[in-house]
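Taken in sequence, the protein lines are chains A and B. To convert, note that position 4 of the first sequence is 4 in the working numbering; the numbers rise steadily by one, no gaps. To convert, note that position 163 of the second sequence is 163 in the working numbering; the numbers rise steadily by one, no gaps. As structure tokens, the structure follows; a few thoughts come after it.
Number of protein chains: 2
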Amino acid sequence: MKVELVQWPSDEQRLAQLRRDAVPRLILVPEGLVPPLSTDVLEDWIRLPADDDDIRARVRVLSDRAAGIEDARVPELDENGLLRVSGRWVSLPPVEHRLMIVLLDRYRAVVSREALARAGWPDGIPGRNVLDVHIVRLRRRLAPLGLSIQTVRSRGYLLEEGHVVPVAN
Amino acid sequence: MKVELVQWPSDEQRLAQLRRDAVPRLILVPEGLVPPLSTDVLEDWIRLPADDDDIRARVRVLSDRAAGIEDARVPELDENGLLRVSGRWVSLPPVEHRLMIVLLDRYRAVVSREALARAGWPDGIPGRNVLDVHIVRLRRRLAPLGLSIQTVRSRGYLLEEGHVVPVAN
DNA sequence: TGCGACGCTTCACGGCGACGAAACAACGGC
DNA sequence: GCCGTTGTTTCGTCGCCGTGAAGCGTCGCA
Chain A
1 MKVELVQWPS
11 DEQRLAQLRR
21 DAVPRLILVP
31 EGLVPPLSTD
41 VLEDWIRLPA
51 DDDDIRARVR
61 VLSDRAAGIE
71 DARVPELDEN
81 GLLRVSGRWV
91 SLPPVEHRLM
101 IVLLDRYRAV
111 VSREALARAG
121 WPDGIPGRNV
131 LDVHIVRLRR
141 RLAPLGLSIQ
151 TVRSRGYLLE
161 EGHVVPVAN
Chain B
1 MKVELVQWPS
11 DEQRLAQLRR
21 DAVPRLILVP
31 EGLVPPLSTD
41 VLEDWIRLPA
51 DDDDIRARVR
61 VLSDRAAGIE
71 DARVPELDEN
81 GLLRVSGRWV
91 SLPPVEHRLM
101 IVLLDRYRAV
111 VSREALARAG
121 WPDGIPGRNV
131 LDVHIVRLRR
141 RLAPLGLSIQ
151 TVRSRGYLLE
161 EGHVVPVAN
């Protein structure tokens, strides 16, 4: 993941934005100025003037950390129906658990309604509307984890990271 | 928490030990040498010669991070039924003690009701509802320690740090 | 352009089972 | 005796799941 270089204190506003967006960043602090401190593991700073290799070293570490956090963002489903993503979790009831297995198996790809129906109800689907209802319920349960199910009309559904709606101030 | 200062590369062995012990540490790197890099959030380095304030700043951040991790550390249960977490403690009666052993063994993972029943009553469970009642009592005892037992419906229970529930409007 | 068919979303409802919690009684150590 | 622990009963609550129905946009077709 790309690491942003931030001039201090001239880039203060940009720094605030990068912090909100959880973007890894290295703050360049001129001689004589106090660095802005944070325990955020995606933030680091370096005193100027600095060796290019030192800057590269700190950028490298930040980038590796971001990659590690990124890995933690891919959802994991255990055999008990517990779905974990980036530290948080929800428990999925039996039907939604079975649906989630195939959705995760084809993460970011389309899964047909038939495939979902077979996964959710191996003994045959009870009603014509059941799948739709369970998709709605699954959507609501996934939202707090930052996951969303997209509809691909007349093709099926697709699981992906939720879209972060830009907050209008 | 105390942050260790490490001379590089002369303190290399000590550094390895500190890493194993998860002790926060700041590595002092003389001019011209390549710093040892790690994504460990409890490790940082600084190029010499450095301003005392800069060293203090980095030590401060490491210390704050260690404090944050300290708060989240896993609870410990001794053979007398004393449960300690972040300085505070409670004493657990026999049944709850045995339940707690398996809950801690699978910290943050689901423990089935059957497993809990076997742990709590090795000679067979007396009644149908006993486990539920003891879970309730355990919950009340754990709450002051910031621990909570989550229900995973029809699958079991799960022990974790208590949730600070963000109040919705 | 207007209309209906279709696909999808969402809600409200009822049945069922799992779980929560209070209240009470029995037991035992200090 | 007093208090903490334990088991039991009982009742209330909540989650899960299927069903019916209303709403809405898209597409095909006359």
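Backbone N, C-alpha and C define an ideal beta-carbon position, used for all residues, glycine too.
Legend entry - Where arginine 47 of chain B sits in the DSSP three-state scheme: strand
Inset, instruction - Give me the Cα-Cα distance between isoleucine 149 of chain B and leucine 142 of chain A, rounded to the nearest whole angstrom. - result: 21 Å
Inset, instruction - Can you tell me the Cβ-Cβ gap for leucine 82 of chain A and methionine 100 of chain A, rounded? I've got them flagged as a contact below 8 Å. - result: That pair is no contact at about 11 Å.
Legend entry - alanine 57 of chain A: contacting residues in chain B (beta-carbon distance under 9 Å): Val34, Pro35, Leu37 and Trp45
Inset, instruction - Scan the stretch 89-140 of chain B and note each continuous alpha helix (DSSP H) run of 4 residues or more that stays entirely inside, going in chain order. - result: 94-105 and 113-120
Legend entry - Nearest candidate by alpha-carbon position, reference leucine 145 of chain B, set B:Asp71, B:Leu28 and B:Ala67: B:Asp71
Inset, instruction - Specify, as a first and last residue, the run of the alpha helix (DSSP H) that alanine 68 of chain B falls within. - result: Sequence inspection shows glycine at residue 68 of chain B; the alanine mentioned does not correspond to that position. Counting along the chain, the alpha helix (DSSP H) containing glycine 68 of chain B begins and ends at 52-71.
Legend entry - Contact with chain B by asparagine 80 of chain A, beta-carbon distance below 8 Å: yes
Inset, instruction - Verify the CB distance criterion: does arginine 60 of chain A have a CB-CB separation below 8 Å to chain B? - result: yes
Legend entry - Short Cβ contact (8 Å threshold) for valine 85 of chain A with arginine 73 of chain A: yes
Legend entry - is_contact[proline 30 of chain A, chain B] using C-beta, thresh 8 Å: no
Legend entry - In DSSP terms, what glutamine 150 of chain B is bridged to: B:Leu158
Inset, instruction - Return the chain-ordered list of same chain residues with a C-beta closer than 8 Å to the C-beta of glutamate 161 of chain A, the five sequence neighbours on each side being excluded. - result: Arg73, Gly146, Leu147 and Ser148
Legend entry - Three-way DSSP call (helix, strand, coil) for glutamate 76 of chain A in this model: strand
Inset, instruction - Just confirm the distance between the C-beta atoms of proline 9 of chain B and leucine 48 of chain B, as a whole number of angstroms; I'd bet it's less than 8 Å. - result: Their Cβ separation, rounded to whole angstroms, is 13 Å, which puts proline 9 of chain B and leucine 48 of chain B out of contact at 8 Å.
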